[in-house]
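Asker: Take a look at this one; I'll ask things after.
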Amino acid sequence: MTAFDAAAEFDRQVRTLLDRGHPEAAGLTAAEFGALLAPLRETVTERGGAAVAVAPEEGRVPFVLVVTREVVPVERAVALTTLAGRTKPGVVDRHFADGDLIRFTPTKEVELPDAHAYVLFDVERGEEFCGAVPEDAMAAIADRGRTPLTIEEGIALVTQYPAALAKNKCFSLGGSRCGDRRVPAIWISQNAPKLGWCWAGNPHSWLGMASAAGRAAAGT
Numbered sequence: 008m009t010a011f012d013a014a015a016e017f018d019r020q021v022r023t024l025l026d027r028g029h030p031e032a033a034g035l036t037a038a039e040f041g042a043l044l045a046p047l048r049e050t051v052t053e054r055g056g057a058a059v060a061v062a063p064e065e066g067r068v069p070f071v072l073v074v075t076r077e078v079v080p081v082e083r084a085v086a087l088t089t090l091a092g093r094t095k096p097g098v099v100d101r102h103f104a105d106g107d108l109i110r111f112t113p114t115k116e117v118e119l120p121d122a123h124a125y126v127l128f129d130v131e132r133g134e135e136f137c138g139a140v141p142e143d144a145m146a147a148i149a150d151r152g153r154t155p156l157t158i159e160e161g162i163a164l165v166t167q168y169p170a171a172l173a174k175n176k177c178f179s180l181g182g183s184r185c186g187d188r189r190v191p192a193i194w195i196s197q198n199a200p201k202l203g204w205c206w207a208g209n210p211h212s213w214l215g216m217a218s219a220a221g222r223a224a225a226g227t
C-alpha cells in the first residue's frame with residue numbers, strides 16, 4: 008500500500024483552487040494567490056499523527072485548505088464548486104435573503120486561526136448524523152472534542168473533494184450561525200451543490216453534520 012503523501016496532496020489542492028478560478032474570484036493573480044497558501048505547506052507536512060497520515064476516503068479526508076470570505080466571497084466560492092463528474096456550478100439557495108449570508112459567521116466556540124487562509128484537519132462529512140436533530144449532532148461533536156464546519160469550510164471540502172457531497176449524504180455546517188435557529192448546510196439540487204439552511208430542531212434523513220479535529224494557521 009502506497010503511503011499517503013501530504014505534500015503532494017497539498018500541491019494538488021492548490022492546483023485545484025487555481026484551476027477553478029479562485030484567484031480571479033479573489034481579485035488576485037495566480038502568483039499572489041499561490042503566495043497566500045504557500046506558507047501552509049509546512050504546516051501540513053510537519054503535522055504528525057493520523058491527521059495527515061491516512062489517505063482520503065469519500066466521507067473523511069486528512070486535511071483541506073480553507074480560503075475565507077475575506078479573500079473569496081461566499082457566493083463566488085459556491086459558484087466554483089461542482090458535483091463529482093458534473094460541470095453545473097453550485098448555487099446559493101433563494102431562501103437566503105439579500106445580505107443574509109454575511110450574517111452567518113463563526114460561532115463563539117469556533118476560533119479561526121487566520122482571517123484569510125488556514126488548514127482544516129481530519130474532516131468528516133458526518134453521515135452518521137443523518138436523521139439526527141442538528142442541535143443534538145452539534146452537541147455530540149462537541150463531546151468528542153471536535154468542531155463543526157463553517158460555511159467556508161464546507162465549501163472548501165466540496166471544492167477539493169466533490170465526491171464527499173453525495174445523495175443522502177449531504178451535511179450541515181453548524182460552525183456558522185447568525186443568532187437564530189437556522190443552521191447552514193450544503194446539499195444536492197438539480198445536479199449541483201446548493202448552499203442553504205435548515206432549522207436547528209428539524210432532522211433530515213439525508214443531512215448529516217460535518218466536523219473536523221481542528222484548524223491550524225501557517226507556522227503552527
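Using my numbering, the first residue of the sequence shown is number 8, and each one after it goes up by one.
We treat Cβ as the ideally placed atom computed from N, Cα and C, and that holds for glycine.
#1: From the DSSP output, which residues share a beta bridge with Lys115?
#2: Relative to the C-alpha of Pro200, which candidate in Ala144, Thr227, Thr88 and His102 has its C-alpha closest?
#3: In this structure, what does DSSP give as the bridge partners for Leu214?
#4: Under the three-state reduction of DSSP, which class applies to Thr94: helix, strand or coil?
#5: Quick check on DSSP: helix, strand or coil for Thr154?
#6: Is the CB-CB distance between Ile158 and Gly133 below 9 angstroms?
#7: Quick one: Cα of Leu43 to Cα of Ala122, how far?
#8: Between which residues of its own chain and Leu202 is the CB-CB distance below 6 angstroms, once the five residues before and five after are set aside?
#9: Which partner residues of Ile193 appear in the DSSP bridge assignment?
#10: For Phe178, count neighbouring C-beta atoms within 10 Å of its own C-beta (all shown protein chains included) and say buried if the count is 16 or more, exposed if not.
#11: Three-state secondary structure (DSSP) at Glu16?
#12: Could you please give me the residues that DSSP links to Ala219 through a beta bridge?
#13: Near Glu82, which residues of its chain fall below 8 angstroms by C-beta distance, leaving aside the five closest residues on each side in sequence?
#14: Specify the secondary structure class of Val79 as computed by DSSP and reduced to three states.
#15: Whose C-beta lies closer than 6 angstroms to the C-beta of Val71 among residues of the same chain, with five residues either side of it excluded?
#16: What does the Cβ neighbour count give for Lys176, buried or exposed, with the cut at 16 atoms within 10 Å?
#17: What is the DSSP secondary structure of Phe11, counted as helix, strand or coil?
#18: Do you know offhand how far Gly34's Cα is from Arg19's?
#19: Spatial neighbours of Leu119 within its chain, please: CB distance less than 8 angstroms, with the 5 preceding and 5 following residues excluded, ordered by chain position.
#20: Could you compute how far the alpha carbon of Val230 sits from the alpha carbon of Ala32?
#21: Quick check: the Cα distance between Glu16 and Glu116, rounded to an integer number of angstroms?
Answerer: Reading from the atomic positions:
#1: For Lys115, which the question treats as bridged, DSSP gives no partner whatsoever.
#2: Thr88
#3: Cys177
#4: coil
#5: strand
#6: no
#7: 12 angstroms
#8: Val85, Val99 and Ile193
#9: Phe178 and Leu202
#10: buried
#11: helix
#12: Val130 and Thr154
#13: Val99 and Leu108
#14: coil
#15: Leu127, Val130, Ala163, Leu164 and Gln167
#16: buried
#17: coil
#18: 22 angstroms
#19: Thr75, Pro113, Tyr125, Thr157 and Arg222
#20: Summary: the structure shown does not reach residue 230, with the chain confined to residues 8 through 227, and so no result is reported for it.
#21: 29 angstroms
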